Amino acid sequence: MSTKITKATSDRFASRQHRRDRIRKKVAGTSECPRMNVFKSDKHFIVQLIDDDSGKTILNVSTMRKELREGAVKANLEGAKKIGKLVAEEAKKQNIKKVVFDRNGYKYHGVIKALADAAREAGLVF
């Protein structure tokens, strides 16, 4: 099955890429205050806490984890809230209280906003 890329699809993708690059110039994480990078697809969320100084991922939470797949966590509003809460809880275990939020070019509304709000409510400081 081949996917046909139309001009509208490529323009939308290029627009997000441009926003992502513009944001990425300003946002950088350290070991004390890592960058919280969010990726969403139609089915899944992937959230990473990244130390840009050393170039390493400190923490990775995804809806593809075994315990979350069994609970049927998807890339919707409820799933975003669960992932945000889980990221904050696991960050606390590693003594991370403060992060820099990298929305990865996505507009700050809907599921991205819900994920960020859930992480804030669970104790992360942006």
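Quick note: the sequence shown uses numbering that gives the first Met the number 0, first residue 0, plus one each step. All C-beta atoms in this analysis are idealised placements derived from N, C-alpha and C, irrespective of residue type, glycine included. This structure is a prediction, so every number in the text was calculated from the model and none was measured.
Under the three-state DSSP convention, the category residue i falls into
| i | result |
| --- | --- |
| I95 | coil |
| F125 | coil |
| R64 | coil |
| R102 | coil |
| V26 | coil |
| V72 | coil |
| K55 | strand |
| K81 | helix |
| D41 | coil |
Chain-order list of residues whose beta-carbon lies under 7 Å from that of residue i (same chain, five-residue window excluded)
| i | result |
| --- | --- |
| H43 | S61, T62, M63 and A74 |
| D52 | T29 and S30 |
| E89 | L58 and V60 |
Expected contact under 8 Å - CB spacing of residue i and residue j to nearest Å
| i | j | result |
| --- | --- | --- |
| V26 | I111 | About 14 Å separates the two Cβ atoms, so there is no contact after all. |
| R34 | G104 | Between G104 and R34 the Cβ distance is about 14 Å, and since that is not below 8 Å, they are no contact. |
CB contact flag (residue i, residue j, <8 Å)
| i | j | result |
| --- | --- | --- |
| A115 | F100 | yes |
| I57 | L67 | no |
| C32 | K97 | yes |
| G109 | A87 | no |
Sequence-distant residues of the same chain with beta carbon closer than 8 Å to residue i, five excluded per side
| i | result |
| --- | --- |
| M0 | Because the pLDDT of M0 is 47, which lies under 50, any placement of that residue in the model is unreliable, and the question is left without a value. |
| R23 | D101 |
Local Cβ density within 10 Å of residue i, reported as buried at 16 or more and exposed below that
| i | result |
| --- | --- |
| V124 | exposed |
| K80 | buried |
| G54 | exposed |
| A118 | buried |
| A13 | exposed |
| G78 | buried |
| G83 | buried |
Same chain only: Cβ atoms within 6 Å of residue i, ignoring 5 sequence neighbours per side
| i | result |
| --- | --- |
| I45 | F38 and S61 |
| H17 | none |
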